[in-house]
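In the order they appear, the protein sequences are chains A and B. Take the first sequence: its position 93, counting from 1, is numbered 1534 in this note's numbering, and each next residue is one higher. Take the second sequence: its position 67, counting from 1, is numbered 1508 in this note's numbering, and each next residue is one higher. By construction, the Cβ of each residue, glycine as well, lies at the ideal position given by its N, Cα and C atoms. Since the structure is predicted, the reported quantities are computational estimates derived from the model, not experimental observations.
There are 2 protein chains.
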Amino acid sequence: MSGFGPGDPFLADCPARLAVELIADKWTVVVLYGLSRGPVRHGELIEVIGGISRKMLTQTLRRLEAHGLIRRHAYAEVPPRVEYELTPLGATLIDPIHMLTEWARANGDAVLDALDADPEPVAHSD
Amino acid sequence: MSGFGPGDPFLADCPARLAVELIADKWTVVVLYGLSRGPVRHGELIEVIGGISRKMLTQTLRRLEAHGLIRRHAYAEVPPRVEYELTPLGATLIDPIHMLTEWARANGDAVLDALDADPEPVAHSD
DNA sequence: CAGGCTAGGTTTCCGATAGGAACCAGCAGG
DNA sequence: CCTGCTGGTTCCTATCGGAAACCTAGCCTG
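Set out below in structure tokens:
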């Protein structure tokens, strides 16, 4: 019995599935985590998140803004200053996100161990 | 104060970051959710997960297997039968995953509402 | 006043990836 | 002999990701 009824984040047409796909993204989780402590500037995110390009950061922030998870504050100063912060809706995500990051902190090494314990390069020839 | 020290899933070189990127993927979350109730066959996953192709499913399953989160059982029958199940390590993920899916179930509509409430097509001309 | 600096963002280009469709293996049944 | 079932792979293309260069707009320096 599979028993996954409608409303489960499985059926492609339900909003929950779209929401999962919104956040289940390489950068989304990390960016939201970065905003979980309060307003952060664009440049700060670039620094603290190692490896993200300006393009992807902007793109990710725009997507989150469009979905109502974060808010953008552009100050009319020179040089420009732009801060991002979680909306109340976005704030409801920090618990799930923190569970993920805690899991990663606790099990990251185990995952890496498994990786080089099974370096069998996909030989499922059965 | 940013205060994100090393060990946070931010610095690109730490295992936690790799672990986050492993699961923060469009299909990974959904597939793991599908396995959270016990062994499931390849074909069942295809059905219950709307929209995934066989290729992406196989690819995702192989990656999870290589990282020690799931185990593969191929029965030498005809027609072939292959079941996937969570390893103990993978089982530690179901709590975080369920928090995500619960969040999605609860807030999916709010996210969609925000989307068509702000159809401003990125006019940040400042 | 020319030129540099700042910070956020966009554009361009190219390699990597996702994803659908078609194909394959291997045996049972009509 | 031909078809179907199931898991998987190959081929091909549309899309995406990432690096680097460029842009805006004012202030600061020489």
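Host alpha helix (DSSP H) of residue 1558 of chain B (start-end):
Here the question's residue 1558 of chain B lines up with position 117 in the second sequence. Counting along the chain, the alpha helix (DSSP H) containing residue 1558 of chain B begins and ends at 1535 to 1558.
Counting C-beta neighbours from all protein chains within 10 Å, is the total for residue 1519 of chain A 16 or more, i.e. buried, or is it exposed?
Sequence index remark: in the first sequence, residue 1519 of chain A carries index 78 (1-based). Residue 1519 of chain A sits exposed, since fewer than 16 C-beta atoms from the chains shown fall within 10 Å of its C-beta.
Under 7 Å, CB to CB, which of the residues in the region 1476 to 1496 of chain A have a partner in chain B?
Across the region 1476 to 1496 of chain A, CB contacts with chain B closer than 7 Å involve 1485, 1489, 1490, 1491 and 1492, in sequence order along the chain.
May I ask you to report which of helix, strand or coil DSSP gives residue 1514 of chain B?
For the purposes of this step, residue 1514 of chain B is taken as the residue at position 73 of the second sequence. Residue 1514 of chain B: strand per DSSP, three-state reduction.
Are the CB atoms of residue 1484 of chain B and residue 1460 of chain A within a distance shorter than 9 Å?
Locating residue 1460 of chain A in the first sequence gives position 19, where the first residue counts as 1. Locating residue 1484 of chain B in the second sequence gives position 43, where the first residue counts as 1. The criterion of a C-beta distance shorter than 9 Å is not satisfied by residue 1460 of chain A and residue 1484 of chain B.
Counting only C-beta atoms, is residue 1471 of chain A closer than 9 Å to chain B at any point?
Counted from its first residue, the first sequence places residue 1471 of chain A at position 30. Judged by the 9 Å Cβ criterion, residue 1471 of chain A is in contact with chain B.
Just tell me which of B/1477, B/1462, B/1457 and B/1456 has its CA closest to the CA of residue 1532 of chain B.
By one-based count along the second sequence, residue 1532 of chain B stands at place 91. Looking at B/1477, B/1462, B/1457 and B/1456, the one whose alpha-carbon comes closest to that of residue 1532 of chain B is B/1477.
Can you list the alpha helix (DSSP H) stretches of 4 or more residues lying completely in the region 1453 to 1500 of chain A, in chain order?
The alpha helix (DSSP H) runs of length 4 or more contained entirely in the region 1453 to 1500 of chain A are, from start to end of the chain, 1456 to 1464, 1469 to 1476 and 1483 to 1489.
Check whether the Cβ atoms of residue 1534 of chain B and residue 1464 of chain B sit closer than 9 Å, and answer yes or no.
If you number the second sequence from 1, residue 1534 of chain B lands on position 93. If you number the second sequence from 1, residue 1464 of chain B lands on position 23. Yes, they are a contact pair.
For residue 1573 of chain B, report the span of its beta strand (DSSP E) as first-last.
Because chain B in this structure spans residues 1442 to 1567, residue 1573 of chain B falls outside the shown range and cannot be described.
Mark residue 1457 of chain B as exposed unless 16 or more other C-beta atoms lie within 10 angstroms of its C-beta, in which case mark it buried.
Mapped onto the second sequence, residue 1457 of chain B falls at position 16. Around the beta carbon of residue 1457 of chain B, 16 or more other beta carbons sit within 10 angstroms, so the residue counts as buried.
Look at the Cβ atom of residue 1449 of chain A, then the Cβ atom of residue 1482 of chain B, and state whether they are nearer than 9 Å.
Within the first sequence, the letter at position 8 stands for residue 1449 of chain A. Within the second sequence, the letter at position 41 stands for residue 1482 of chain B. No, these two residues do not count as a Cβ contact at 9 Å.
Comparing alpha-carbon positions, which option in B/1541, B/1479, B/1554 and B/1488 lies nearest residue 1508 of chain A?
By 1-based counting over the first sequence, the position of residue 1508 of chain A is 67. Measuring from the Cα of residue 1508 of chain A, the nearest candidate turns out to be B/1554.
Amino acids of chain B, ordered along the chain, whose beta-carbon sits closer than 8 Å to that of residue 1461 of chain A:
In the first sequence, residue 1461 of chain A corresponds to position 20, counting from 1. Chain-order list of chain B residues neighbouring residue 1461 of chain A: 1470, 1471, 1541, 1542 and 1545, by C-beta distance under 8 Å.
Output the distance between the C-alpha atoms of residue 1480 of chain A and residue 1544 of chain B, rounded to the nearest integer angstrom.
Locating residue 1480 of chain A in the first sequence gives position 39, where the first residue counts as 1. Locating residue 1544 of chain B in the second sequence gives position 103, where the first residue counts as 1. Looking at the backbone, the Cα of residue 1480 of chain A and that of residue 1544 of chain B are separated by about 22 Å.
Tell me the rounded alpha-carbon separation between residue 1539 of chain B and residue 1451 of chain A.
The residue labelled residue 1539 of chain B in the question sits at position 98 within the second sequence. The residue labelled residue 1451 of chain A in the question sits at position 10 within the first sequence. Approximately 13 Å between the Cα atoms of the pair.
From the beta carbon of residue 1456 of chain A, is the nearest beta carbon of chain B less than 9 Å away?
Position 15 of the first sequence, counted from the start, is the residue given in the question as residue 1456 of chain A. Yes, residue 1456 of chain A lies at the interface with chain B (some Cβ there is under 9 Å from its Cβ).
So, helix, strand or coil for residue 1563 of chain B, using DSSP?
Taking the first residue of the second sequence as 1, we reach residue 1563 of chain B at position 122. Per-residue confidence for residue 1563 of chain B stands at a pLDDT of 44, beneath the threshold of 50, marking its modelled position as unreliable; no derived number is given.
Short check: CB of residue 1466 of chain A to CB of residue 1499 of chain A, under 9 Å?
Translated into the one-based positions of the first sequence, residue 1466 of chain A becomes position 25. Translated into the one-based positions of the first sequence, residue 1499 of chain A becomes position 58. Not closer than 9 Å, so no.
By the 7 Å beta-carbon criterion, what residues does the region 1500 to 1530 of chain B contribute toward chain A?
Within the region 1500 to 1530 of chain B, the residues whose Cβ lies closer than 7 Å to some Cβ of chain A are 1503, 1507, 1508, 1509, 1515 and 1530, listed in chain order.
Could you spell out the range, first to last residue, of the alpha helix (DSSP H) harbouring residue 1531 of chain B?
As a working mapping, residue 1531 of chain B is identified with position 90 in the second sequence. For residue 1531 of chain B, the enclosing alpha helix (DSSP H) covers residues 1529 to 1532.
Based on DSSP bridge pairs, tell me the residues matched to residue 1526 of chain A.
Against the first sequence, residue 1526 of chain A aligns to sequence position 85. DSSP lists A/1512 as partners of residue 1526 of chain A.
Spatial neighbours of residue 1541 of chain B within its chain, please: CB distance less than 8 Å, with the 5 preceding and 5 following residues excluded, ordered by chain position.
Reading the second sequence from its first residue, position 100 is the one you call residue 1541 of chain B. 1470.
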